[in-house]
Amino acid sequence: MKVLVVGSGGREHALCWKLKQSPLLTQLWCAPGNAGIASVADCVAIGAEQVDELVSFAQANAVDLVVVGPEAPLVLGLADKCRAAGIKVFGPSAAAAELEGSKGFMKDMASKAGVPTAWYGRFTEMEAAKAFIRAKGAPIVVKTDGLAAGKGVVVAMSLDEALAAVDSMMGDKVFGDAGNELVIEEYLDGEECSFFALCDGTTAVPLVAAQDHKRVGDGDTGPNTGGMGAYSPAPVVTPAIQDEIMATSILPLVKAMRDAGKPYTGVLFAGIMVTSAGPKLLEYNVRFGDPECQVLMARLKSDLLPVLLAGAEGKLSGVSLEWSIDPALVVVMAAKGYPGSYEKNTVIGGLDAAGAVDGVTVLHAGTALKDGKVVATGGRVLGVTAVGQTVSQARERAYAAVDKLDWPQGFCRRDIAWRALERGL
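Per the UniProt record's numbering, the sequence shown starts with residue 1, numbered consecutively.
Structure, rendered in structure tokens:
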């Protein structure tokens with residue numbers, strides 16, 4: 001099979017790395033890719049949001065399956081245009097991708113499906129949003145309705161912080177048009193996890209859970225990011241909790257989307273808060289998480305390609321996956337200053353030495369090749385991914401690899417998987 005992966009981040013490197021291992025694969029392209037992806041796939045200079053150019057490339061090269069990594073091209077209708085051109089594609093339609101494109105739509109669908117989730121309000125006027133916040137009190141959560149690269153969320157512990165978030169998102173437009181509408185919702189207390197299921201419009205097959213680290217600093221301090229590290233399995237997701245998440249958050253949503261004439265195909269990512277009252281939905285995303293995808297691919301023993309094809313063809317019924325019992329962990333190396341402004345095109349050394357550490361694969365996110373050297377081009381730059389017999393061993397290996405990198409302009413959190421270590425894993 002000839003496969004085109006769309007995207008340029010750590011998630012896409014993980015997908016390409018795993019697809020490359022499939023005996024069914026004859027040709028692998030990635031558009032636009034990055035310096036690391038270039039070692040396993042042929043990179044094509046087409047941006048992830050250049051939807052028409054991507055479809056033309058797939059047609060011209062007789063691509064058998066398009067695998068869409070990020071959410072933006074899905075919201076723009078890439079999957080629809082592939083299907084219209086007769087090209088198989090793993091990823092939801094634009095109508096179904098609204099689950100991530102509009103947090104308000106997502107909350108409305110969850111409510112219709114009877115999914116346990118936080119109470120919420122949708123607002124297009126600043127004063128109405130502020131009145132709601134004052135009536136409800138803090139802590140409270142303020143979110144942009146539209147896409148903001150994982151950063152349009154403020155968990156406000158005080159009223160002042162919540163009101164300032166409204167000013168910044170809707171007044172100052174720090175996330176552009178994404179802040180034209182806000183979703184304000186209940187603060188849920190508990191332990192968060194990322195849960196994934198493959199869907200074909202009717203059937204849903206559970207993957208394994210992971211736990212992400214959103215805040216930029218050790219001890220879960222500082223602003224939210226796209227994710228500074230992750231590990232899997234997530235000990236908070238017991239087999240009973242997994243069954244409950246499937247029964248209350250995944251299957252009802254798949255049915256509700258089908259009933260609404262927007263059947264969901266692709267990977268469904270449910271952000272879940274495991275509360276004292278059971279698992280509650282925080283949000284749905286319409287793609288593999290980044291950096292969660294890195295640890296999922298490290299643990300997946302099954303061939304990924306036929307599973308994604310089954311999702312694209314509506315044939316997931318009866319599909320089951322085999323997973324390694326060994327935990328996997330990823331430490332994200334980011335450019336100093338992230339998630340604010342940061343220097344670009346700094347040279348990264350020591351990549352071979354880091355990749356030579358036992359159990360480690362260094363996956364690239366924001367990198368490029370310049371004059372024969374790997375340089376950092378994004379905020380989140382590398383995903384140092386390790387497997388081990390325990391979470392503790394995987395973590396030791398990942399940080400041993402981090403310490404072999406020669407990149408003074410980079411930083412990482414040093415406490416990834418602290419919750420698992422507290423449990424003695």
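Glycine included, each C-beta is placed from N, C-alpha and C at the ideal position.
If you draw a straight line from the Cα of residue 368 to the Cα of residue 53, it is about 21 Å long. Distance from residue 420 to residue 231 at the Cβ level is roughly 6 Å; contact confirmed, criterion being Cβ atoms closer than 8 Å. A distance of 9 Å or more separates the beta carbons of residue 172 and residue 415.
Beta-bridge partners of residue 333 (DSSP): 382.
Every alpha helix (DSSP H) stretch that sits fully inside the stretch 212-293 and reaches 4 residues is listed by chain position as 239-245, 251-259. Taking 9 Å as the cut-off, the beta carbon of residue 389 is found no closer than this to the beta carbon of residue 303. Counting the other CB atoms within 10 Å of its CB gives residue 107 a total of 16 or more, which places it among the buried residues.
Residue 240 and residue 375 have their C-alpha atoms roughly 45 Å apart. The residue from 372, 168, 330, 90 with its alpha-carbon nearest to that of residue 382 is 330.
Taking the C-beta atoms as reference points, residue 174 is found no nearer than 9 Å to residue 142. Burial is judged here by how many other beta carbons sit within 10 angstroms of a residue's own beta carbon; residue 86 has fewer than 16 and is exposed. Residue 186 and residue 120 have their alpha carbons spaced roughly 6 Å apart. When secondary structure is reduced to three states using DSSP, residue 184 falls in the strand class.
About 28 Å separates the Cβ atoms of residue 25 and residue 75, ruling out a contact at the 8 Å cut-off. For the pair residue 130 and residue 170, the Cα-to-Cα distance works out to about 11 Å.
From the listed residues 145, 134, 178, the smallest Cα separation to residue 157 is found for 134.
Its Cα nearest to that of residue 189, the residue 281 stands out among 227, 41, 281, 127. Membership of residue 404 in any alpha helix (DSSP H) is not indicated, and neither H nor E is assigned to it by DSSP. With the rule of 3 Cβ pairs closer than 8 Å, the stretch 88-105 counts as touching the stretch 282-294.
The secondary-structure analysis by DSSP pairs residue 32 across a beta bridge with 7. Taking residue 307 as reference, the option from 333, 253, 298, 267 with the minimal CA-CA separation is 267. Residue range 418-422 is occupied by the alpha helix (DSSP H) that includes residue 422. Between residue 340 and residue 258, the gap from beta carbon to beta carbon reaches 9 Å or more. Short of 8 Å from the beta carbon of residue 336, and not among the five residues preceding or following it, lie these beta carbons of its own chain, in chain order: 342, 343, 409, 410, 411.
Leaving aside the five residues that flank residue 192 on each side, the residues in its chain whose CB is nearer than 6 Å to its CB run, in chain order, 273.
Linking residue 214 to residue 2 through their CA atoms gives a straight-line distance of about 35 Å.
Counting along the chain, residue 130 sits inside the alpha helix (DSSP H) bounded by residues 126-136. In chain order, 362 place their CB closer than 6 Å to the CB of residue 355, counting only its own chain and leaving out the 5 sequence neighbours on each side. In this structure, residue 227 sits near residue 332, with a CB-CB distance shorter than 9 Å. DSSP places residue 114 in the coil class of the three-state scheme, outside both helix and strand.
Residue range 373-376 is occupied by the beta strand (DSSP E) that includes residue 373.
In this structure, the beta-carbon distance from residue 398 to residue 347 does not fall below 9 Å. Rounded to whole angstroms, the separation of the alpha carbons of residue 425 and residue 392 is 6 Å. Inter-residue distance for residue 296 and residue 365 is about 16 Å (C-alpha atoms, whole angstroms). Counting every other CB atom within 10 Å of its CB across the protein chains shown gives residue 291 a total of 16 or more, marking it as buried. Taking C-beta atoms under 8 Å as the contact rule, residue 4 and residue 66 qualify, at a distance of about 5 Å.
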